[in-house]
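Q:
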Amino acid sequence: MKKRYRVTLTEYERLDLQKLVSTGTAAAKKLVRARIVWLADQAEGGPGLSDPAIVEALGCGRVTVERVRQHFVEDGLEVALQPPPRQRVYERRLDGKAEAHLVALACGSPPEGRARWTLRLLADRMVAWEYVEELSYETVRRTLKKPRSSRG
435 MKKRYRVTLT EYERLDLQKL VSTGTAAAKK LVRARIVWLA DQAEGGPGLS
485 DPAIVEALGC GRVTVERVRQ HFVEDGLEVA LQPPPRQRVY ERRLDGKAEA
535 HLVALACGSP PEGRARWTLR LLADRMVAWE YVEELSYETV RRTLKKPRSS
585 RG
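Residue numbers (my numbering): 435 to 586.
1. Pair every Cβ in the segment 510 to 519 with every Cβ in the segment 456 to 473, then say whether three or more of these pairs are closer than 8 Å.
2. Thinking C-beta only, is Y571 closer than 8 Å to R550?
3. Have a look at A487, R438, K579, T577 and flag the residue whose alpha-carbon is nearest the alpha-carbon of V507.
4. Drop a sphere of 10 angstroms on the beta-carbon of L449, count the other beta-carbons inside from all chains shown, and report buried for 16 or more, exposed for fewer.
5. Grouping DSSP H, G and I as helix and E and B as strand, with all else coil, what is L443?
6. Can you check whether the CB of R526 is closer than 8 Å to the CB of L569?
7. According to DSSP, is C494 helix, strand or coil?
8. Tell me whether E508 sits in a helix, a strand or coil according to DSSP, three-state version.
9. Keeping to the same chain, check which residues put their C-beta closer than 6 Å to that of E447; ignore five residues upstream and five downstream.
10. Exposed or buried, which one is A592 when buried takes at least 16 other CB atoms within 10 Å?
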């Protein structure tokens, strides 16, 4: 099978990678990525190992090797060694109004037959009263744990 992303390093890039790996003062992830790029080098004088051989040599995942190759070819050495952080945006389960209802519910008296509110009870009650469509107890925990006072 022909490689889709063929890594070819210049002499300068190869020396930079060897220096980075030999000093070993960078983050572990960055060092593994540097070794992947160096072992995948198919230029004249490069090791040119296959993906399974790199996986075996470094003990990392096959997908990691493929992604590092892809980042190197498409974006360059710096992005291959340290890709930009993901820019994920998560939708909030509870808006301000629902948070206020949750806090009021938690501060109120527990249901009959219970000594106190549990996170699961709070989540179930919020859904039953239709403040939200669904709510996990972990979201309830994080919401109630938020610091409420200003330390300024």
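From the three backbone atoms N, C-alpha and C, an ideal C-beta is built for every residue, glycine too. Note that the coordinates shown come from a computational prediction; the quantities given were computed from them, not determined experimentally.
A: Based on what the coordinates show:
1. Because the criterion of three Cβ pairs below 8 Å is met, the segment 510 to 519 and the segment 456 to 473 touch.
2. At the C-beta level, R550 and Y571 stay beyond 8 Å of one another.
3. Restricting attention to A487, R438, K579, T577, the CA atom closest to the CA of V507 is found in R438.
4. Burial call: exposed.
5. Residue state, collapsed to three classes: coil.
6. For L569 and R526, no; Cβs fall outside 8 Å.
7. If DSSP states are grouped into helix, strand and coil, C494 belongs with coil.
8. For E508, the secondary structure class from DSSP, reduced to helix, strand or coil, is helix.
9. Counting only residues of its own chain and dropping the five nearest sequence neighbours on each side, E447 has a CB closer than 6 Å to the CB of L511.
10. Only positions 435 to 586 of the chain appear in the structure, and residue 592 is not among them; the question remains open.
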